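Presented below is the structure to which this report refers.
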Amino acid sequence: MASMKRVPLIAGNWKMNLDHLQAIATVQKLAWTLKDAKHGFGAEGAEVAVFPPFTDLRSVQTLISADKLDLVFGGQDLSEHDSGAYTGEISGAFLAALECTYVLVGHSERRQYHGETDEILGRKVAAALKHGLVPVLCVGETAEDLEAHGPSAVPVAQLTAALAGITGTPNLVIAYEPVWAIGSGQAATPEQAEQVAAKLREALADLLGAEVAEATRILYGGSVKSGNIAAFMREPNVDGALVGGASLDVAEFASISRFQKHVGT
Ligand code: PEP
113 MASMKRVPLI
123 AGNWKMNLDH
133 LQAIATVQKL
143 AWTLKDAKHG
153 FGAEGAEVAV
163 FPPFTDLRSV
173 QTLISADKLD
183 LVFGGQDLSE
193 HDSGAYTGEI
203 SGAFLAALEC
213 TYVLVGHSER
223 RQYHGETDEI
233 LGRKVAAALK
243 HGLVPVLCVG
253 ETAEDLEAHG
263 PSAVPVAQLT
273 AALAGITGTP
283 NLVIAYEPVW
293 AIGSGQAATP
303 EQAEQVAAKL
313 REALADLLGA
323 EVAEATRILY
333 GGSVKSGNIA
343 AFMREPNVDG
353 ALVGGASLDV
363 AEFASISRFQ
373 KHVGT
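Take the position in the sequence shown, starting the count at 1, then add 112; the result is the number in my numbering.
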């Protein structure tokens with residue numbers, strides 16, 4: 113069972129889907145579904161976060177704050193810079209000004225399509241922390257990495273490299289997302305996720321000490337659905353999920369967020 117010491121986090125990465133009008137409708141429906149007494153469960157105990165495109169963030173912030181919705185949100189990326197001549201980039205300061213709690217750093221699609229290296233990601237983690245955002249650092253191996261190096265070597269190396277310059281007791285979230293499981297319908301097994309999450313927690317303890325390692329939530333991501341979330345949440349080192357495709361379906365994402373309903377069944 114995921115540790116009760118860490119508040120589970122269910123995070124929905126919308127990627128480049130839903131414009132600001134669709135975002136408003138989606139967040140309203142999600143909040144309503146999570147609250148709906150008919151379903152018998154809220155997302156008790158779990159924190160539920162959405163990661164909309166940048167152009168949606170102001171609308172999402174306004175709605176959540178005006179209606180006091182029990183949801184948090186974050187950006188899908190940030191610049192390593194604070195401000196200046198970086199056309200198209202978004203500063204962590206701007207995300208913080210919009211009351212983002214979180215920001216994704218190093219999603220595999222950023223690594224793959226935007227050439228984001230571990231060095232760049234280390235600077236992005238530092239930028240997020242500097243602006244008071246909680247970075248959700250994504251790590252994970254490709255199918256080729258898995259074949260060549262086994263399950264945990266690449267994610268642990270990515271974590272170690274990205275956190276090399278970080279000191280103190282940072283508030284971080286780590287998302288273990290095997291690239292072969294993202295969007296493939298082929299999730300890792302709960303045992304595979306637990307094995308890597310445990311190694312990532314050990315690496316965190318080596319880098320930042322036992323206290324940070326114990327406090328840091330490690331999410332699993334890759335083809336999570338309402339039908340498999342409970343099995344992941346039973347694992348002691350898995351503290352939640354980063355959900356892509358299934359986060360666009362409100363009923364499905366709400367059901368994942370109410371994973372307690374499935375745990376023990
Ligand atoms: C993701 O892209 O972060 C992800 C986990 O996607 P999916 O849930 O669609 O596999």
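Beta carbons are placed, not taken as given, at the ideal position from N, Cα and C, and that holds for glycine. Source: prediction; values computed, not measured.
Counting only residues of its own chain and dropping the five nearest sequence neighbours on each side, LEU258 has no CB closer than 6 Å to any other CB.
In this structure, PRO267 sits near GLY252, with a CB-CB distance shorter than 8 Å. A check of alpha carbon separations from PRO290 across THR281, ALA265 and ALA276 identifies ALA265 as the nearest. For GLU211, same chain residues with a beta-carbon under 6 Å away, outside a window of 5 residues either side, are GLN173 in chain order.
Between the alpha carbons of MET128 and PRO165 lies a distance of about 6 Å.
Put simply, of TRP126, ALA342, ILE176 and GLY204 the residue whose alpha carbon is nearest the alpha carbon of HIS219 is TRP126.
With a contact defined as Cβ atoms closer than 8 Å, ALA238 and GLY187 miss out at about 16 Å. The Cβ-Cβ distance between GLY124 and PHE365 falls below 8 Å. For ASN340 and GLN140, the gap between their C-alpha atoms comes out near 25 Å. The beta carbon of SER171 is closer than 7 Å to those of HIS132, ALA135 and ILE136 in its chain, skipping five residues each way along the sequence. Relative to the ligand PEP, the beta carbon of SER335 is positioned inside 7 Å of a heavy atom. Assignment of ARG329 by DSSP, reduced to helix, strand and coil, places it in the strand class. When beta bridges are read from the DSSP output, TYR214 appears opposite GLY186 and VAL246.
Rounded to whole angstroms, the separation of the alpha carbons of LYS236 and THR272 is 14 Å. Checking the 7 Å criterion, the Cβ of GLU228 is out of range of every heavy atom belonging to the ligand PEP. With a threshold of 7 Å, the Cβ atom of GLY277 does not count as near the ligand PEP, since no heavy atom of the ligand is closer than that. Judged by pairs of C-beta atoms under 8 Å, the stretch 316-326 does not touch the stretch 348-356, as fewer than three such pairs exist. In the DSSP assignment, ASN125 forms a beta bridge with PHE163. Residue LYS180 holds the alpha-carbon nearest to the alpha-carbon of LYS147 among LYS180, GLU231, LEU130 and LEU121.
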